[in-house]
Amino acid sequence: MTDSRHMARYWDERARENAEYFVDNRLDYKSGAYGGDDGDDFWSKGEKDFDVLLETLDAPALGSDDTVLDIGCGVGRLSRAAAARVGRVHALDVSAEMLTRAKKNLADVPNVSFHLGDGDSLGAIGDDQIDVVVSLVVFQHIPDPEITYGYVREIGRVLKPGGWAAFQVSNDAEIHQREYPTPSLLQRVAGRLRGTMPKGQDDPAWRGSAVDLDRLRQAAADGGASIERLEGAGTQYCLVLLRAGA
Ligand SMILES: C[S@@+](CC[C@H](N)C(=O)[O-])C[C@H]1O[C@@H](n2cnc3c(N)ncnc32)[C@H](O)[C@@H]1O
Numbered sequence: 010m011t012d013s014r015h016m017a018r019y020w021d022e023r024a025r026e027n028a029e030y031f032v033d034n035r036l037d038y039k040s041g042a043y044g045g046d047d048g049d050d051f052w053s054k055g056e057k058d059f060d061v062l063l064e065t066l067d068a069p070a071l072g073s074d075d076t077v078l079d080i081g082c083g084v085g086r087l088s089r090a091a092a093a094r095v096g097r098v099h100a101l102d103v104s105a106e107m108l109t110r111a112k113k114n115l116a117d118v119p120n121v122s123f124h125l126g127d128g129d130s131l132g133a134i135g136d137d138q139i140d141v142v143v144s145l146v147v148f149q150h151i152p153d154p155e156i157t158y159g160y161v162r163e164i165g166r167v168l169k170p171g172g173w174a175a176f177q178v179s180n181d182a183e184i185h186q187r188e189y190p191t192p193s194l195l196q197r198v199a200g201r202l203r204g205t206m207p208k209g210q211d212d213p214a215w216r217g218s219a220v221d222l223d224r225l226r227q228a229a230a231d232g233g234a235s236i237e238r239l240e241g242a243g244t245q246y247c248l249v250l251l252r253a254g255a
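Be aware that the sequence shown starts at 10, since it is given in the numbering used here, and climbs by one per residue.
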């Protein structure tokens, strides 16, 4: 099992290497730009990704007094989008380096609190404190699905009765086995040395793992919650709407 210190160290290194790319690898590694001509920048893409998560799951409306927890907040992309719509956002990440960047990026957003997580629990957050939990492109990177099940139980613990969570997991085991990226070993080494290609993509903390949906349902039940909706079962972008017991 990959331990939490490894995940923290891995994501700290990626944050120092090129934080925005490792948060959203649709960006070009070198130029930091998106392809295409939709005019989106990093933050507007984050806003759109947040909307797609909620709309795909037909999630309940966010309330202006709601307290939201963003698990694996990275540099604050989704936390910024959420903070504009709710009362308070708790932004949690295993990487201190990511959090440093998130704090800087969101210095103009007063209703966000930042928490350095331990990599496998929501220990910083008390029971029944949260109206809404969100998480995107985080659990797919966790090397051991047991950690993800643990987080799902924790989500049940921190949610207020009737609160809900919208998050993404991978449900495609094969994608985590694949050689990634595809260039030859020589090209990869040369690219990394030249600084034109990302490092660390063979690491378990990048490759991640898929969850089993029955185990995910059981984890939700163990946390006093239930899975109300699943979209994208069998894919890397499996979206989950969870509801805490009333
Ligand atoms: C690809 S980034 C996505 C960031 C953010 N969710 C977004 O969509 O902008 C993945 C983030 O998850 C964090 N992360 C990875 N493993 C984690 C874990 N076990 N617990 C909490 N955060 C974790 C990383 O430090 C990184 O900031």
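From the three backbone atoms N, C-alpha and C, an ideal C-beta is built for every residue, glycine too. Fair warning: this is a prediction, and the values are worked out from it, not measured in the lab.
What are the partner residues of residue i, as DSSP defines its beta bridges?
| i | result |
| --- | --- |
| S235 | R252 |
| I80 | L101 |
| F123 | A100 |
| Y43 | L36 |
| V167 | Per DSSP, none; premise fails for V167. |
| N178 | For clarity, residue 178 is Val in the given sequence; the question names Asn instead. In the DSSP output, where bridge partners are listed per residue, V178 has C247. |
| E240 | L248 |
Under 6 Å Cβ to Cβ from residue i, same chain only, skipping five residues before and after it: list those, please.
| i | result |
| --- | --- |
| D21 | S104, E106 |
| G44 | none |
| E56 | A90 |
| F59 | L87, A90 |
| L168 | I139, A253 |
| S179 | Q149, A219, Q245 |
Quick one: grab the DSSP three-state call for residue i.
| i | result |
| --- | --- |
| D58 | helix |
| K208 | coil |
| V141 | strand |
| G172 | strand |
| Y158 | helix |
| D136 | coil |
| L115 | coil |
| L66 | coil |
| A230 | helix |
| S73 | coil |
| D223 | helix |
| L131 | coil |
Can you give me the C-alpha to C-alpha distance between residue i and residue j, rounded to a whole angstrom?
| i | j | result |
| --- | --- | --- |
| Q138 | L78 | 9 Å |
| G96 | D102 | 20 Å |
| G83 | D117 | 17 Å |
| P154 | N120 | 32 Å |
| S144 | I80 | 5 Å |
| R110 | G85 | 8 Å |
| I151 | A24 | 16 Å |
| G166 | Y158 | Strictly speaking, residue 166 in this sequence is Arg, with Gly absent from that position. Those two C-alpha atoms are separated by around 13 Å. |
| S73 | T205 | 43 Å |
| S122 | R94 | 15 Å |
| D136 | V249 | 21 Å |
| E26 | D75 | 35 Å |
| Y160 | H185 | 20 Å |
| D67 | E183 | 28 Å |
| S256 | D47 | No answer is possible for residue 256: it lies beyond the span of the chain, which begins at 10 and ends at 255. |
| D12 | D212 | 13 Å |
| V142 | N34 | 23 Å |
The alpha helix (DSSP H) spanning residue i covers which residue range?
| i | result |
| --- | --- |
| S13 | 13-32 |
| S88 | 86-92 |
| P152 | Per DSSP, P152 belongs to no alpha helix (DSSP H) and is neither H nor E. |
| P213 | 213-216 |
Might you give, ordered along the chain, the residues of its own chain that have their beta carbon closer than 7 Å to the beta carbon of residue i, omitting 5 neighbours on each side?
| i | result |
| --- | --- |
| R226 | I236 |
| G126 | L101, D102, V103, A133 |
| P69 | W173 |
| D181 | A219, G243, T244, Q245 |
| E29 | L36, G41, F51, V84 |
| R162 | A228, D231, G232 |
| T65 | E240, L248 |
| L63 | A175 |
| G209 | Y19, E22, R23, W215 |
| H15 | A214 |
| L108 | D102, F123, L125 |
| V146 | Q177 |
Just to confirm my understanding: we take residue i, look at its own chain, exclude 5 residues before and 5 after, and list those with CB closer than 8 Å. What are they?
| i | result |
| --- | --- |
| R224 | P154, Y158 |
| A17 | V103, S104, A105, G128 |
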